[in-house]
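Undergrad: For the sequence shown, my numbering gives the first residue as 7, with consecutive numbering after it. Take this structure, written in structure tokens, and hold onto it; I'll ask about it next.
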Amino acid sequence: MSDHPVMQVEDKIVPGPSVASNETAVEETVIRQDVTVITTTDEATGPNAALSSTTNPTSPTTAAPRPRLKKDNSTPNMNGPLYMQTAGNKTVLVRRLKRKEESTWKHLSRWFVENQIGLSFNLLALIFLAQTFIPKAREHTHKFFHLSYYSSQSGQYRIGYDDAYFITFCVILFTGLRAATMEYVLAPIGRLQGISNRKNLTRFSEQAWLMVYYTVFWPWGVYIYCTSPHYMSMENLWTDWPNRELDGLMKAYLLCQWAFWLQQMIVINIEERRKDHWQMFTHHIVTTALIFACYTYHHTRVGNFILVIMDVVDLFLPLAKCLKYCGFKKVCDVMFGLFVVSWFIARHVLYIAVCWSIYSDTPRIMPTGCFKGNNENMVGPIDPPAGWKYLVDPFINPEGLVCYNETIKWSFLAPLLFLQVITIGWFTMIVRVIIKVLKGGDAEDVRSDDEGGEEEEEEEFVYEEAQPLEEEVGVEELDLRNWERRSGVKKQASSSGVSLPGHSDRKELLGRIGCEKQVD
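Here is the structure:
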């Protein structure tokens, strides 16, 4: 035991001052990475009490170079090694976790998420009140609640710009219904099932809402398909084209589906982003564009069929996820199996059959050329005009030119095949998961529902006046590692596993589709 306390800084032993009879100054200096943190403790002890520290000369420690500190009037003599700073200076360098400043868009998104129920239903109430009490406004407000362009002669509907009113109404309605149902119906059901974790409760509510939506719209689409001329016939998808009119049930179905996918694009951009945000966003954009194109180009039959075969998968997946969060592992495994089978049949058999029909049947059945006018005074087929403007004419003029040729065929076929590439990539990861489980792997170890956003906290270094700790303890109770617990900094756990390419994507996929026991 030495008579003088020592101070170890970057492997240098510097003698300290003499110890007074009634007071001991204990200085601890800890070097961690490139940051030096000083904790000064003034402690009243008995006479002749001292603390010594020893070093092992055979095990030198090489510290990382400390960055040069900025010198200004507020931080005098803070450059250079700590033992050369002015004696009596009580300013120390402290590490703090600083929350990153959020962007204006993130503030706006959070505000919208927190108030979407009130905003949605207030807008709907405003439209209803204007419809009821302002007669001059009814010319416009009734378009929000009714399908436009009804033909009394045929009893069917045409398409046009006023359809945007009904789509807007549906987007607002879906936004309010989704938020209200999740908060006041689905979340309480999740709590009754024992889901206490806030994140898992949110995931359960989201998946349950999708299950509610597809429980309504998938049977609706199936009914339209089963009662239509193209039932069980790929060739009939292309007959009677171009038909400028469609029945009210088909029109409402397509417009509601269109509004739903527009609303989904809004949701994934205002809520916490997942790791597969950009893949899902791309999928939603392509899906919305295809619905828009099939509606304006009068290919509503094939649009209905594709939505039916795609939606059946999204009916099984949310149900399997909800069962996972509720802890029903065996039933979840069954639903996951049905999900995989339905995915393969619907998205890789029937979907490819539709693509093949576009490639092989449309040149035989659909007339090549352009048509103009409504059903009563249709003109055509005529040769397409030069240039490319005729391609966008159906989006501009509902009764203008609508054409079919090789360019149009590939304009539809290319995005459909692009969607198939996305789904093949997803299905490949599903197959890898299945193979791993069949080989005895533990899927529970790699599942994740984490968001994929950036870290919201960063480190900063600030100068503060050292605060002495006033606690009387014996020498045997001194804890030189207490600073680690006070700092609140957690060390990352290490893993002995090997990092494989694509592991992160498969981990996220397992979190989205897998089944496991609920752990709070």
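Even glycine gets a Cβ: it sits at the ideal position worked out from N, Cα and C.
Enumerate in chain order the residues of its own chain whose CB-to-CB distance from Trp-284 is below 6 Å, with the five nearest sequence positions on each side excluded.
TA: Taking the first residue of the sequence shown as position 1, residue 284 is located at position 278. Closer than 6 Å at the Cβ level, and outside the excluded window around Trp-284, lies no residue.
Undergrad: Flag this pair as yes or no: are the beta carbons of Tyr-303 and Ile-414 separated by less than 9 Å?
TA: Stepping through the sequence shown from its first residue, residue 303 is reached at position 297. Stepping through the sequence shown from its first residue, residue 414 is reached at position 408. Yes, they are a contact pair.
Undergrad: Taking Gly-375 as part of the beta strand (DSSP E), name the residues at either end of that continuous run.
TA: As a working mapping, residue 375 is identified with position 369 in the sequence shown. From DSSP, the beta strand (DSSP E) with Gly-375 extends over 375-378.
Undergrad: Which residues bound the beta strand (DSSP E) around Gly-386?
TA: Along the sequence shown, one-based indexing puts residue 386 at 380. Note, Gly-386: beta strand (DSSP E), 385-388.
Undergrad: Might you give, ordered along the chain, the residues of its own chain that have their beta carbon closer than 6 Å to the beta carbon of Asp-168, omitting 5 neighbours on each side?
TA: For the purposes of this step, residue 168 is identified with residue 162 of the sequence shown, where counting begins at 1. So the qualifying residues of the chain are Lys-149 and Ser-154.
Undergrad: Can you name, in chain order, every residue of its own chain whose Cβ lies under 8 Å from the Cβ of His-290, other than the five neighbours on each side?
TA: In the sequence shown, the residue the question calls residue 290 occupies position 284. Within the same chain, His-290 has close Cβ partners Trp-267, Gln-270, Met-271 and Ile-274.
Undergrad: What residue does the beta strand (DSSP E) around Val-398 start on, and which one ends it?
TA: For this step, residue 398 is matched to residue 392 along the sequence shown. No beta strand (DSSP E) holds Val-398; the alpha helix (DSSP H) holding it covers 395-402.
Undergrad: Let me check understanding here. Comparing Cα to Cα, which of Gly-333, Arg-280 and Arg-353 lies closest to Met-316?
TA: Counting from 1 along the sequence shown, the entry for residue 316 is found at position 310. Per the Cα distances, Arg-353.
Undergrad: Looking at Phe-377 and Pro-194, is the spacing between their C-beta atoms short of 9 Å?
TA: Position 188 of the sequence shown holds residue 194. Position 371 of the sequence shown holds residue 377. Cβ atoms of Pro-194 and Phe-377: not closer than 9 Å.
Undergrad: Need the endpoints of the alpha helix (DSSP H) that Cys-408 sits in, please.
TA: Residue mapping note: residue 408 aligns to position 402 of the sequence shown, counting from 1. As written in the sequence, residue 408 is Val, which differs from the Cys given in the question. Premise fails: Val-408 lies in the beta strand (DSSP E), 408-410, not in any alpha helix (DSSP H).
Undergrad: By DSSP, does Leu-252 sit in helix, in strand, or in coil?
TA: Along the sequence shown, one-based indexing puts residue 252 at 246. If DSSP states are grouped into helix, strand and coil, Leu-252 belongs with the strands.
Undergrad: So, helix, strand or coil for Tyr-156, using DSSP?
TA: Working through the sequence shown from its first residue, we reach residue 156 at position 150. Strand at Tyr-156.
Undergrad: Give me the residue from Leu-296, Pro-235 and Ala-186 with the minimum Cα distance to Trp-416.
TA: As a first step, residue 416 is located in the sequence shown; it is residue number 410 there, counting from the start. Minimum Cα distance to Trp-416 is reached at Leu-296.
Undergrad: Whose CA, out of Arg-307, Leu-425 and Ser-115, lies closest to the CA of Cys-232?
TA: Position 226 of the sequence shown, counting from 1, holds the residue named residue 232. That would be Arg-307, whose Cα lies nearest to the Cα of Cys-232.
Undergrad: Rounded to whole angstroms, what's the CA-CA distance from Ala-420 to Ile-428? Just pull it up for me.
TA: Counting from one through the sequence shown, the residue named residue 420 turns up at place 414. Counting from one through the sequence shown, the residue named residue 428 turns up at place 422. Their backbone Cα atoms lie some 13 Å apart in a straight line.
Undergrad: With Phe-350 and Phe-322 assumed to form a contact (beta carbons below 8 Å), what rounded beta-carbon distance in angstroms separates them?
TA: Taking the sequence shown and counting its residues from 1, one reaches residue 350 at position 344. Taking the sequence shown and counting its residues from 1, one reaches residue 322 at position 316. Their Cβ separation, rounded to whole angstroms, is 12 Å, which puts Phe-350 and Phe-322 out of contact at 8 Å.
Undergrad: Out of Asp-367, Val-398, Leu-407 and Glu-412, which has the shortest C-alpha to C-alpha gap to Gly-379?
TA: Here residue 379 refers to the residue found at position 373 when the sequence shown is read from its first residue. When each option's Cα is compared against that of Gly-379, the closest is Leu-407.
Undergrad: When the Cα of Ser-126 is compared with those of His-152, Arg-184 and Thr-147, which residue comes out closest?
TA: Taking the sequence shown and counting its residues from 1, one reaches residue 126 at position 120. Checking every option, the nearest Cα to that of Ser-126 belongs to Arg-184.
Undergrad: Considering only their Cβ atoms, is the gap separating Phe-210 from Cys-6 smaller than 9 Å?
TA: Examination of residue 6 is not possible in this model, given that the chain is present from 7 through 526 alone.
Undergrad: With distance defined between alpha-carbon atoms, name the residue in Val-292, Phe-424, His-305 and Phe-151 nearest to Ala-170.
TA: Residue 170 sits at position 164 when you count from the first residue of the sequence shown. Minimum Cα distance to Ala-170 is reached at Phe-151.
Undergrad: Considering only the alpha carbon of each residue, which of Ala-131, Gln-213, Ala-136 and Ile-402 lies closest to Leu-179?
TA: Numbered from its first residue, the sequence shown carries residue 179 at position 173. Per the Cα distances, Ala-131.
Undergrad: Which same chain residues, not among the five before or five after Asp-399, have their C-beta less than 6 Å away from its C-beta?
TA: As a first step, residue 399 must be located in the sequence shown, where it is residue number 393. Within the same chain, Asp-399 has close Cβ partners Gly-406 and Leu-407.
Undergrad: Can you grab the Cα-Cα spacing for the pair Ser-436 / Ile-430, in whole Å?
TA: Walking along the sequence shown from the start, residue 436 turns up at place 430. Walking along the sequence shown from the start, residue 430 turns up at place 424. The sequence given here places Ile at residue 436; Ser does not occur at that position. Cα-Cα distance, rounded: 10 Å.
Undergrad: What residue from Gln-213, Phe-287 and Ile-173 has the CA that sits closest to Glu-189's CA?
TA: Reading the sequence shown from its first residue, position 183 is the one you call residue 189. Selected option, being the one with the closest Cα: Gln-213.
Undergrad: Please state whether the Cβ-Cβ distance between Asp-367 and Leu-243 is less than 9 Å.
TA: By 1-based counting over the sequence shown, the position of residue 367 is 361. By 1-based counting over the sequence shown, the position of residue 243 is 237. In contact: Asp-367 and Leu-243 (Cβ atoms closer than 9 Å).
Undergrad: For Lys-336, collect the residues of the same chain with a Cβ closer than 8 Å to its Cβ; drop the 5 residues on either side in sequence, then sort them by chain order.
TA: Translated into positions along the sequence shown, residue 336 becomes position 330. Correct list: empty, nothing qualifies.
Undergrad: Leaving out five residues before and five after Thr-64 in sequence, what residues of the same chain have Cβ atoms less than 6 Å from its Cβ?
TA: As a first step, residue 64 is located in the sequence shown; it is residue number 58 there, counting from the start. The predicted model places Thr-64 with a pLDDT of 45, which falls under 50 and marks its position as unreliable, so this point remains unresolved.
Undergrad: Name the residue from Leu-422, Thr-293, Tyr-163 and Ile-201 whose alpha carbon lies nearest to the alpha carbon of Met-256.
TA: For the purposes of this step, residue 256 is identified with residue 250 of the sequence shown, where counting begins at 1. Comparing Cα positions, the closest option is Tyr-163.
Undergrad: Please identify the residue among Lys-445, Phe-401 and Gly-254 whose C-alpha is closest to the C-alpha of Ser-160.
TA: For the purposes of this step, residue 160 is taken as residue 154 along the sequence shown, with counting starting at 1. For Ser-160, the nearest C-alpha among the options comes from Gly-254.
Undergrad: Considering only residues of the same chain and omitting the five flanking positions on each side of Lys-497, which have a CB-CB separation below 6 Å?
TA: Your numbering for residue 497 matches position 491 in the sequence shown. Caution applies to Lys-497, whose pLDDT of 46 falls short of 50 and renders its modelled position unreliable; the model cannot decide the point.
Undergrad: Go through its chain and collect everything with a Cβ distance to Ile-123's Cβ below 8 Å, but skip five positions before and after it.
TA: As a working note, residue 123 is residue 117 in the sequence shown. The answer, listed in chain order, is Gly-182, Ala-185, Ala-186 and Glu-189.
Undergrad: Where Asp-448 and Lys-442 are concerned, what is the direct C-alpha to C-alpha distance, given to the nearest angstrom?
TA: Locating residue 448 in the sequence shown gives position 442, counting from the first residue. Locating residue 442 in the sequence shown gives position 436, counting from the first residue. Any answer about Asp-448 is weak, because its pLDDT of 41 lies below 50 and its placement is not dependable; what the coordinates show is given next. Looking at the two C-alpha atoms, the distance is approximately 8 Å.
Undergrad: From this set, Val-355, Ile-173, Leu-397 and Gly-343, which residue's C-alpha is nearest Leu-444's C-alpha?
TA: Counted from its first residue, the sequence shown places residue 444 at position 438. Minimum Cα distance to Leu-444 is reached at Gly-343.
Undergrad: Which of the three DSSP states, helix, strand or coil, is assigned to Asp-78?
TA: Residue mapping note: residue 78 aligns to position 72 of the sequence shown, counting from 1. With a pLDDT of only 49 at Asp-78, under the threshold of 50, the placement of this residue in the model should not be trusted; the figure read from the coordinates follows. DSSP places Asp-78 in coil when its eight states are reduced to three.
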